[in-house]
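Residue numbers (this note's numbering): 13 to 571. Beta carbons are placed, not taken as given, at the ideal position from N, Cα and C, and that holds for glycine.
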């Protein structure tokens, strides 16, 4: 309630009380009345003063309350504004994050869309290329059909001519037989029986010689193949036995390091052998430690580990395990890099990472002293060249190169298998989605499965070229040179021989004779005699072709 109203109410109440009291107490005397009046006036004044004070205080209180309320409202307003600002900032940040996220999603979708477009374009290009190849093959097939038809017509004409000539020859032969019977006094059946007896005796002698040579050749081939299979098996299977070319020699600066390598009671050498899987031979050989293992990669790990341990100087079982683990990791990465660099250099794409790693492992494998990676690269390049020379399409040329590179992939696989390296390589290529023609070329390059496409004989031929060429493999060089020399000397030992040349890596012997001393009939006999002597006296792979050349020159001068 308003304070002024309260004060006025009190004053009015007092006045009413006063007049009431006056009417009731009428008998009160005048002095009392005056006294009461003066008191009443005083009370009214005091009441007014009090009322004014109360009003002033109330006004002051009102202003304070209003100011306080306004200040409180300002704080609430400011708080609401800050809350609104904070909420706005939060919403703004969320919106910006949402916007960025949307942009990223849109960008990823655009990248994926472009990738799909690129793949579609690539597939379209590949499809177009295949269609072009099919069209080329169809045109080539039509051309060959025309050629075959022409040959067929020519053959029919020739067969007709041959039939006519055969008929004439039969008539002439009958007349000749009648004349011979009358001259010799023998019938045709009696003469035939005598000739057959003579031919049969000679044929039996020659057949026995051929059988003997075949058996001896089979023994030589079987011995060679057995050695080859044993060596390949040893390199692919864990074994307690090693051969001479399964060791590496680690050079030392001094023999004092041998004691450090052995360690107290042999703990260092045992730890190193256990960590690397090799056998370390520390003997009286000066400044050298022999590293022996069937696996060349293990030998390389042991060699690099020894090199680092000797250079570091700290050598104890814990340090050995640490260094070996680090070297294994680095060598694995190095193998992958070698494989990647090889396929890049050969311009081969799309190989499975496992096959790339296996190609890198070829760097640490050899066959008869020939590095397997270099051999595979050589076969790949030869296969591509041969395919190009045969007029094959660029796609087929690349497939031939790919088959040549992968043909010995089964020799370096990490898993053990009872299959031969060719068949195991076939299984690996098939497992990692190589083209069926490439898989067949890998599996058939040693005739262990049927060839069903042109890449297989190309790969086989190029593998033979790379492995059989002189100097490619260590064990063949001296024997090759001696065989060439012996062939030429054997031919020169015959009378009438002027020159002799061993050709095609010893697979052909060309003999040039003097026409004055050797007749045409004698040339045939000489070729047979030389071939028989080669069979009897020399050892050689495959067969040797003996060609006798008799040249007759007639020279005259015009003056």
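Within the chosen definition, does the stretch 527–543 reach the stretch 507–516 through at least 3 CB pairs nearer than 8 angstroms?
-> Touching, yes.
Assuming residue 450 contacts residue 415 under a Cβ cut-off of 8 angstroms, what Cβ separation, rounded to an integer in Å, is found between them?
-> As a working mapping, residue 450 is identified with position 438 in the chain shown. As a working mapping, residue 415 is identified with position 403 in the chain shown. Residue 450 to residue 415, Cβ: 5 angstroms. Contact.
So residue 395 packs on residue 474, CB below 8 angstroms; how close in whole Å?
-> As a working mapping, residue 395 is identified with position 383 in the chain shown. As a working mapping, residue 474 is identified with position 462 in the chain shown. With a Cβ gap of about 5 angstroms, residue 395 and residue 474 count as contacting.
Taking C-alpha atoms, which residue in 535, 172, 277 lies nearest to residue 329?
-> For the purposes of this step, residue 329 is identified with residue 317 of the chain shown, where counting begins at 1. 277 is the residue among 535, 172, 277 whose C-alpha sits nearest the C-alpha of residue 329.
Same chain only: Cβ atoms within 6 angstroms of residue 71, ignoring 5 sequence neighbours per side = On the chain shown, position 59 is the one that residue 71 refers to. Cβ neighbours of residue 71 beyond the five flanking positions: none.
Put residue 60 into one of helix, strand or coil per three-state DSSP.
-> Taking the first residue of the chain shown as 1, we reach residue 60 at position 48. Note: residue 60 maps to helix in three-state DSSP.
Below 9 angstroms between beta carbons: does that hold for residue 294 and residue 313?
-> As a first step, residue 294 is located in the chain shown; it is residue number 282 there, counting from the start. As a first step, residue 313 is located in the chain shown; it is residue number 301 there, counting from the start. Result no, Cβ atoms of residue 294 and residue 313 do not sit closer than 9 angstroms.
Ignore the nearest five residues each way along the sequence and tell me which others in residue 496's own chain have a CB closer than 6 angstroms to its CB.
-> Looking up residue 496 in the chain shown gives position 484. So the list reads 514, 518, once near-sequence residues are dropped.
Return the residue from the list 49, 470, 408, 179 that minimises the CA-CA distance to residue 360.
-> The sequence position of residue 360 within the chain shown is 348, counting from 1. Cα-wise, what sits closest to residue 360 is 408.
Using a threshold of 9 angstroms, state whether the C-beta atoms of residue 424 and residue 374 are closer than that.
-> Stepping through the chain shown from its first residue, residue 424 is reached at position 412. Stepping through the chain shown from its first residue, residue 374 is reached at position 362. Contact: yes.
Within this structure, are the beta carbons of residue 303 and residue 321 separated by less than 9 angstroms?
-> Reading the chain shown from its first residue, position 291 is the one you call residue 303. Reading the chain shown from its first residue, position 309 is the one you call residue 321. In this structure, residue 321 does not lie closer than 9 angstroms to residue 303 by Cβ.
The stretch 361–371 in contact with the stretch 340–351 per 3-pair CB rule at 8 angstroms = yes
Could you please give the first and the last residue of the uninterrupted alpha helix (DSSP H) stretch that includes residue 540?
-> Numbered from 1 along the chain shown, position 528 holds the residue referred to as residue 540. It spans 532–549 - the alpha helix (DSSP H) in which residue 540 sits, taken as one unbroken run.
Figure out for me which residue from 438, 470, 435 has the closest Cα to the Cα of residue 391.
-> Sequence index remark: in the chain shown, residue 391 carries index 379 (1-based). If we check each option's Cα against that of residue 391, 470 comes out closest.
Rounded to the nearest angstrom, how far is the Cβ of residue 339 from that of residue 305, given a contact under 8 angstroms?
-> Within the chain shown, numbered from 1, the residue matching residue 339 stands at position 327. Within the chain shown, numbered from 1, the residue matching residue 305 stands at position 293. The pair is not a contact, with the Cβ atoms about 15 angstroms apart (cut-off 8 angstroms).
Residue 559 burial status per 10 Å Cβ neighbour count (16 or more: buried) = Your numbering for residue 559 matches position 547 in the chain shown. With fewer than 16 other Cβ atoms within 10 Å, it is exposed.
Whole runs of the alpha helix (DSSP H) within the stretch 279–356, excluding any shorter than 4 residues | 279–288, 308–324
When DSSP builds the beta bridges, which residues end up paired with residue 511?
-> One-based indexing of the chain shown puts residue 511 at position 499. The partner list for residue 511 (beta bridge, DSSP) reads 524.
Just the Cα atoms here: how many angstroms apart are residue 355 and residue 462?
-> Reading the chain shown from its first residue, position 343 is the one you call residue 355. Reading the chain shown from its first residue, position 450 is the one you call residue 462. So the alpha carbons of these two residues sit roughly 28 angstroms apart.
Roughly how many angstroms lie between the CA atoms of residue 286 and residue 315, to the nearest whole one?
-> Locating residue 286 in the chain shown gives position 274, counting from the first residue. Locating residue 315 in the chain shown gives position 303, counting from the first residue. Between residue 286 and residue 315, the C-alpha separation is close to 14 angstroms.
Measuring CB to CB, does residue 523 end up less than 9 angstroms from residue 542?
-> Numbered from its first residue, the chain shown carries residue 523 at position 511. Numbered from its first residue, the chain shown carries residue 542 at position 530. Going by C-beta atoms, residue 523 is nearer than 9 angstroms to residue 542.
Taking only beta-carbon atoms, is residue 148 less than 9 angstroms away from chain B?
-> Of the chains in the structure shown, none is chain B; there is only one protein chain.
Could you tell me the distance, in whole angstroms, from the CA atom of residue 126 to the CA atom of residue 107?
-> In the chain shown, the residue the question calls residue 126 occupies position 114. In the chain shown, the residue the question calls residue 107 occupies position 95. Answer to the nearest angstrom: the Cα atoms are 28 angstroms apart.
Determine the direct distance from the alpha carbon of residue 382 to that of residue 256, and round the result to whole angstroms.
-> Position 244 of the chain shown, counted from the start, is the residue given in the question as residue 256. Position 370 of the chain shown, counted from the start, is the residue given in the question as residue 382. Its pLDDT being 39, under 50, residue 256 is placed unreliably in this model, and the coordinates cannot settle the point.
DSSP puts residue 262 in a beta bridge; with which residues?
-> Your numbering for residue 262 matches position 250 in the chain shown. According to DSSP, residue 262 bridges with 301.
Specify, as a first and last residue, the run of the alpha helix (DSSP H) that residue 391 falls within.
-> Sequence index remark: in the chain shown, residue 391 carries index 379 (1-based). First-last of the alpha helix (DSSP H) with residue 391: 384–401.
Expressed to the nearest angstrom, what Euclidean distance is found between the alpha-carbon atoms of residue 142 and residue 150?
-> Position 130 of the chain shown, counting from 1, holds the residue named residue 142. Position 138 of the chain shown, counting from 1, holds the residue named residue 150. Cα to Cα, the separation comes out at about 12 angstroms.
Cα separation between residue 162 and residue 153?
-> The residue you call residue 162 lines up with position 150 of the chain shown. The residue you call residue 153 lines up with position 141 of the chain shown. Approximately 14 angstroms between the Cα atoms of the pair.
Given that a residue counts as buried once 16 or more other Cβ atoms are within 10 Å of its Cβ, and exposed if not, what is residue 280?
-> Position 268 of the chain shown, counting from 1, holds the residue named residue 280. Residue 280 is buried by the Cβ-count criterion.
For residue 424, which three-state DSSP category applies?
-> Indexing the chain shown from 1 puts residue 424 at position 412. The answer is coil: DSSP assigns residue 424 none of H, G, I, E or B.
Around the C-beta of residue 436, are 16 or more other C-beta atoms found within 10 angstroms, so that it is buried, or is it exposed?
-> Counting from 1 along the chain shown, the entry for residue 436 is found at position 424. Counting Cβ neighbours within 10 Å, residue 436 comes out buried, since at least 16 surround it.
So what's residue 565 in DSSP terms, helix, strand or just coil?
-> For the purposes of this step, residue 565 is identified with residue 553 of the chain shown, where counting begins at 1. Three-state DSSP puts residue 565 in coil, outside helix and strand.
Less than 9 angstroms separating the beta-carbons of residue 556 and residue 499?
-> In the chain shown, counting from the first residue as 1, residue 556 sits at position 544. In the chain shown, counting from the first residue as 1, residue 499 sits at position 487. Their beta carbons are under 9 angstroms apart, which means residue 556 touches residue 499 by this criterion.
Report the rounded CA-to-CA distance for residue 551 versus residue 387, giving the unit in angstroms.
-> Against the chain shown, residue 551 aligns to sequence position 539. Against the chain shown, residue 387 aligns to sequence position 375. Their Cα atoms are separated by approximately 26 angstroms.
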